[in-house]
Every structure is written in structure tokens, then in C-alpha cells.
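First the structure, in the form of C-alpha cells, and then the observations on it.
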Amino acid sequence: MSSDKAVSIGVEHVVGAATKLRRFLEQSNKILACPGVYDGFSARIALQVGFDALYMTGAGTTASRLGQADLGIATQSDMRAHAEMIANLDPSIPVIADADTGYGGPIMVARTVEQYARSGVAGLHIEDQVQTKRCGHLRGKELVDLDTFSSRIRAAVAARKRIGSDIVIIARTDALQGFGYEEAIHRLRTARDLGADVGFLEGMTSVEMFKKAIDDLAPWPLLLNMVEGSVTPTISVDEAEAFGFRLIIHPLAAMCEAYVAIKDGLEKLKRTGRMDHDPKLTPQFIFNVCGLKESMAVDAEAGGSSFAEVP
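Just so you know, we're using the numbering used here here: the sequence shown kicks off at 359 and counts up by one.
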């Protein structure tokens with residue numbers, strides 16, 4: 359996102375990321391764009407570009423940490439550790455993280471919320487798929503009943519209140535594909551009434567559905583999952599804001615670009631035996647993206663001299 363289009367959350371640095379996100383949703387009518395990042399390096403690049411929030415994609419976490427498809431393979435421990443790392447690269451920038459189904463019954467959902475909150479995550483979404491879930495843009499999803507989904511949301515909200523956290527609870531439903539629009543909206547209304555802060559209707563299939571969902575759930579904030587090339591029509595951040603969405607995530611923003619660039623580079627290396635990359639991409643440049651200067655400053659401030667000669 360260019361600097362002139364970036365949305366500033368407008369809260370002082372000392373306020374925690376979760377509080378920033380909550381205040382943004384409560385006090386603004388704008389949209390917050392959250393590019394999907396799948397590891398520490400992609401998160402660093404998104405921060406360097408100047409995004410005001412990040413999205414930790416579950417599909418990207420599974421791919422980068424495990425080399426597997428998004429079929430519910432990543433555990434709570436995998437996801438929380440990854441979220442904690444990304445959220446703490448810059449604790450002033452809110453990170454919204456995928457929390458899948460909450461990883462079990464109410465006790466596990468509560469534990470997930472508590473661990474994500476204590477890890478510095480600003481918001482998380484919990485869905486109504488069965489435990490052996492899959493990506494929301496794959497067919498054949500199975501859902502739990504409304505009572506089970508309600509217990510997940512109730513446990514998440516109660517956990518947030520119990521630990522005094524501002525972490526934003528996002529209720530996601532995948533009911534559209536198998537049960538239709540009305541059931542999906544019913545599930546989201548139920549989650550809203552149980553205290554969820556934001557709604558997430560996965561897999562919307564038309565701009566008319568965008569408008570109807572926002573109207574049917576107003577004034578509750580809604581998140582748009584912009585997965586290009588799938589069932590949801592591609593629209594811009596500005597267009598999503600005009601519709602009335604408050605959050606937009608692009609889960610594949612870094613993964614797709616990384617695949618193309620890495621594959622092209624490796625094919626060239628295999629073909630020619632040389633990389634011949636941009637000369638500015640020195641080790642020092644890459645390390646600076648990853649906080650080299652900041653780390654050196656910490657060492658120097660403490661009186662250390664181990665890195666005094668590092669260029």
C-alpha cells in the first residue's frame with residue numbers, strides 16, 4: 359500500500375497493539391488493510407513498506423513452518439509461537455492471527471485466547487469448522503453445530519475479559535458454502551450477541567452479498583477476506599471501505615509474490631549456475647531489513663562492543 363493510502367490508527371506508541379486495534383474499530387469508520395505474512399522475513403518487509411497492521415495467515419504458517427497444505431495440520435503450539443514471533447517484531451503494530459477452531463473445546467479455546475493475548479496478538483479469528491478443518495476456499499468443509507460454535511465464542515469472550523485483555527475476538531463462519539447465506543448470517547448474529555467484536559463471513563461470492571451482509575449485520579464491524587483467484591470477487595481496499603468493511607486481509611499477499619520470485623531465482627541459478635541478483639541486495643541490506651541497526655543499538659546502549667565493527 360502506498361504511503362498516501364495507508365490508514366493510520368492514530369494512537370500513541372505506548373498503547374498496546376490490541377488496544378490500538380480495538381480503539382480503531384470503535385472510533386473510526388475507515389478500513390484497516392492487513393497484508394498476509396507467513397514468516398518473520400515477510401513480516402519485516404511489510405513493516406518496512408509501512409503497513410499499519412499485519413495478518414498472520416494460517417495457510418502461510420502451515421506452509422512455511424511445516425511445508426504442508428492448509429488442512430488443520432498446524433497445532434496450537436505451532437500457531438501461537440509463530441504469532442508471537444511476528445507480533446513482537448514491532449509490538450506497536452497490530453497483528454491479527456488465524457486461530458482456526460480454537461483447537462478444542464471451551465477450555466482449549468480459552469487457553470488459545472489467553473496465550474495469543476499474552477503473546478502480543480491484537481486480534482484473532484475463531485471459526486465454526488470441525489477440528490479437522492481445511493482452508494476456507496477448499497470444498498468439502500464440515501461444520502460444527504451452532505451450539506458448539508457458540509460455546510467457542512462464549513469461551514473466547516470470557517477468557518478475554520478474565521485476563522483483562524483488549525484482544526479483538528473475530529467470529530468466522532464457513533456456513534455459506536454448505537448451508538447458505540441465511541444460516542451464515544444467523545451464526546454471525548449469534549456470535550455478535552455473545553460478545554464477538556467483529557464478524558467474518560468466509561467465501562462471499564458477489565459484491566451484492568458484500569452489501570447485504572454489511573446491511574444485515576450493521577453496525578457490527580465486518581472483515582473481508584480477499585483471496586484473489588478464488589470464489590470471492592477481487593476488489594481494492596478503497597472499494598472495500600466504500601462498501602463498509604472495517605478490516606480487510608490479503609492472506610496470500612506475500613506467499614504468491616514469494617513463490618514467483620523464489621522459483622524464478624532458483625530456476626536461473628540451476629540453469630546458469632549464477633544468481634546475478636540486484637547488487638544492492640547485500641547481506642548487510644537483508645540484515646538491516648531484519649533489524650540489524652536496532653540490535654546493534656541495543657548492544658551499544660548496554661555498553662557492549664561485540665558488534666562495533668559491523669558495517
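For every residue, glycine included, the Cβ atom is placed at its ideal position computed from N, Cα and C.
Residue i (DSSP reduced to helix, strand or coil)
i           : result
residue 513 : helix
residue 632 : coil
residue 575 : helix
residue 648 : coil
residue 521 : coil
residue 371 : The predicted position of residue 371 is uncertain, since its pLDDT is 44 and thus under 50; no value can be drawn from it.
residue 389 : coil
residue 424 : helix
residue 447 : coil
residue 639 : coil
residue 582 : strand
residue 501 : strand
residue 667 : coil
residue 593 : coil
residue 437 : helix
residue 382 : helix
residue 534 : helix
Own chain residues within Cβ distance below 7 Å of residue i, not counting five before or after
i           : result
residue 521 : 472, 475
residue 672 : Beyond the ends of the chain as shown, which are 359 and 669, falls residue 672; an answer cannot be given.
residue 396 : 415, 418, 419, 421, 422, 612, 613
residue 523 : 376, 475
residue 541 : 533
According to DSSP, residues forming a beta bridge with residue i
i           : result
residue 679 : Outside the displayed range of the chain (359 to 669) lies residue 679, so it cannot be described from this structure.
residue 544 : In DSSP, residue 544 forms no bridge with anything.
residue 483 : 456, 528
residue 465 : Bridge partners of residue 465: none, in fact.
residue 556 : 528
residue 608 : 393
residue 627 : None, per the DSSP bridge assignment.
Whole-number beta carbon distance between residue j and residue i, since they are thought to touch under 8 Å
i           : j           : result
residue 380 : residue 526 : 6 Å
residue 581 : residue 556 : 6 Å
residue 501 : residue 529 : Not a contact, Cβ separation roughly 13 Å.
residue 460 : residue 467 : 3 Å
Cβ shell of residue i (< 6 Å), same chain only, five flanking positions each side left out
i           : result
residue 599 : 389
residue 404 : 393, 395, 412
residue 590 : 562
residue 448 : 405
residue 605 : 390, 581
Heavy atom of the ligand ATP within 8 Å of residue i beta-carbon
i           : result
residue 399 : Ligands are entirely absent from the displayed structure, and the ligand ATP is therefore not among its contents.
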